[in-house]
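Note that full-length UniProt numbering has the sequence shown beginning at 1, numbered continuously upward. Heads up: the structure comes next, in structure tokens.
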Amino acid sequence: MHISKVDLNLFTVFDAIYSEGSVTRASQKLHLTQPAISHALARLRLVFDDALFIRQGHAMVSTPLARNIIEPVRLALRGLEVTLSDAGKFDALSATNQFNLALRDVLESTVLPPLLHNICGQAPLVNLAAIQVERRELLNELAAGTLDLAIDMLLPLPNEIRRQKMKQDDTVVLVRSGHPLIQGKLDLDTYLNAEHVLASSRRKGMGLEDFELSRLGLQRRIRLRCQHYYAACRVISQTDMLLTMPEGYARIANEQFGNQILPLPLPMPSWDVYMYWHQNVENDPANRWLRQQVSQAFLCSL
Numbered sequence: 001m002h003i004s005k006v007d008l009n010l011f012t013v014f015d016a017i018y019s020e021g022s023v024t025r026a027s028q029k030l031h032l033t034q035p036a037i038s039h040a041l042a043r044l045r046l047v048f049d050d051a052l053f054i055r056q057g058h059a060m061v062s063t064p065l066a067r068n069i070i071e072p073v074r075l076a077l078r079g080l081e082v083t084l085s086d087a088g089k090f091d092a093l094s095a096t097n098q099f100n101l102a103l104r105d106v107l108e109s110t111v112l113p114p115l116l117h118n119i120c121g122q123a124p125l126v127n128l129a130a131i132q133v134e135r136r137e138l139l140n141e142l143a144a145g146t147l148d149l150a151i152d153m154l155l156p157l158p159n160e161i162r163r164q165k166m167k168q169d170d171t172v173v174l175v176r177s178g179h180p181l182i183q184g185k186l187d188l189d190t191y192l193n194a195e196h197v198l199a200s201s202r203r204k205g206m207g208l209e210d211f212e213l214s215r216l217g218l219q220r221r222i223r224l225r226c227q228h229y230y231a232a233c234r235v236i237s238q239t240d241m242l243l244t245m246p247e248g249y250a251r252i253a254n255e256q257f258g259n260q261i262l263p264l265p266l267p268m269p270s271w272d273v274y275m276y277w278h279q280n281v282e283n284d285p286a287n288r289w290l291r292q293q294v295s296q297a298f299l300c301s302l
């Protein structure tokens, strides 16, 4: 069927039903009546010769065909939104955008303060949500527009995801003040013989430093695995364990604990941080403005 014979508004309805899982919630989201949503769904079913959504209890469950076409539909809708934006202009002073930024918790304390300082001064009505997204979902969320930007380490993402290097950070080791074996200097033997805290959001698996140790045929003992560096810094301040982490965040998270911050006694690649966005918002004025704010925030945090 030629596109000229299809009402493109139907795809907005399709996306809303898919996202909300309900005709009622889709009607509320689009500010349309339930009969109007049901009529649009009926027309879509004729176009695709498929039910698209099947009612199960109070929910509308998508069919395999609906799941196959949702991402292309969202990409197309996002492209149209960018095309219809105000001729390459973004008025920060009057903008009311809600920007969603995927950000690992280790970066929140370094990036968000200068970023919000800039945004609040330039765009008083703009809101920002810093969220954590599974790395395997970044491509889909950036493509669908549910995510505006992502900030993370170097990731194997396809070329349709644009990237810009934001920061390079060294790796350091935190040791409590007054540690009986370590005062101002740390050698590799002492590092390997100590017990360690590993801060990771993953349930299992090695840290980056463990990969480097394994390449040298070495191994350390991880006594505690926890989720956040802040908690790990506090544990370090009250035990003789060691914590390995990026230097930039170490200096922030460790401020109230007074732990020693020492160089890691083995060669270690730097922690390279990148900003990611989808090619379909490369020239979107709002997204371009947001990227500028994030870039400036990183310059302030160095």
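Don't be surprised by glycine CBs; every beta carbon is placed ideally from N, CA and C. Being a predicted model, the structure only gives us computed values, none of them experimental.
* To do: Measure from the alpha carbon of Leu155 to the alpha carbon of each residue in Asp272, Val23, Asn127, then state which is nearest.
  => Asp272
* Spatial neighbours of Ala92 within its chain, please: CB distance less than 8 angstroms, with the 5 preceding and 5 following residues excluded, ordered by chain position. => Gln122, Ala123, Val126, Trp289
* **Straight-line Cα distance separating Met166 from Arg78** => 26 angstroms
* Asked: For Met245 versus Tyr229, is the C-beta spacing smaller than 8 angstroms?
  -> yes
* Taking Cβ to Cβ, would you say Asp169 is nearer than 8 angstroms to Tyr276? -> no
* DSSP-derived helix/strand/coil call for Glu255 -> coil
* Could you name the residues that DSSP lists as bridge partners for Val273? => Met153, Lys167
* Going along the chain, which unbroken runs of the alpha helix (DSSP H) with 4 or more residues stay wholly within the region 20 to 96? -> 23 to 30, 34 to 48, 64 to 83
* Start and end residues, beta strand (DSSP E) containing Leu147 -> Segment: none, Leu147 is in no beta strand (DSSP E) and carries neither H nor E.
* The alpha helix (DSSP H) spanning Ala232 covers which residue range? -> 229 to 237
* **As assigned by DSSP and simplified to three states, the class of His117** => helix
* Which of helix, strand or coil does DSSP assign to Pro285? -> helix
* C-alpha distance - Arg25 paired with Ala250, whole-angstrom precision -> 44 angstroms
* According to the neighbour-count rule (16 or more other Cβ atoms, all chains shown, within 10 Å of its Cβ), is Leu214 buried or exposed? -> One point to set straight first is that residue 214 is Ser, not Leu, in the sequence displayed. Ser214 should be labelled exposed.
* To do: Under the assumption that Glu212 contacts Met241 (Cβ atoms under 8 angstroms), give the Cβ distance between them as a whole number of angstroms.
  => Not a contact, Cβ separation roughly 19 angstroms.
* Asked: What separation, rounded to the nearest whole angstrom, lies between the Cα atoms of Val175 and Gln132?
  -> 29 angstroms
* Would you kindly work out how many angstroms separate the C-alpha atoms of Ser22 and Asn140, rounded to a whole number? => 22 angstroms
* Return yes when the Cβ of Val172 is within less than 8 angstroms of the Cβ of Tyr191, no when it is not. => no
* Asked: Is the beta carbon of Ala143 less than 8 angstroms from the beta carbon of His278?
  -> yes
* Asked: DSSP state of Glu195, grouped into three classes?
  -> strand
* To do: Decide if Leu120 is buried, meaning its Cβ has at least 16 other Cβ atoms within 10 Å, or exposed.
  => Strictly speaking, residue 120 in this sequence is Cys, with Leu absent from that position. Exposed, because fewer than 16 other Cβ atoms sit within 10 Å of the Cβ of Cys120.
* **Contact belief for Cys226 with Asn259 at Cβ below 8 angstroms, rounded distance in angstroms** => Contact doesn't hold; Cβ gap of about 15 angstroms is too wide.
* Who are the near neighbours of Leu198 in its chain, counting only those whose CB is closer than 6 angstroms to its CB and skipping five residues on each side? -> Gly207, Ile222, Arg225
* If you check the beta carbons only, do Leu41 and Thr12 fall under 8 angstroms apart? -> no
* To do: Check each candidate in Ala297, Pro285, Ser295 and name the one with the smallest Cα separation from Lys89.
  => Pro285
* Using the rule of at least 16 other Cβ atoms within 10 Å of the residue's Cβ for burial, across every protein chain shown, is Leu107 buried or exposed? -> buried
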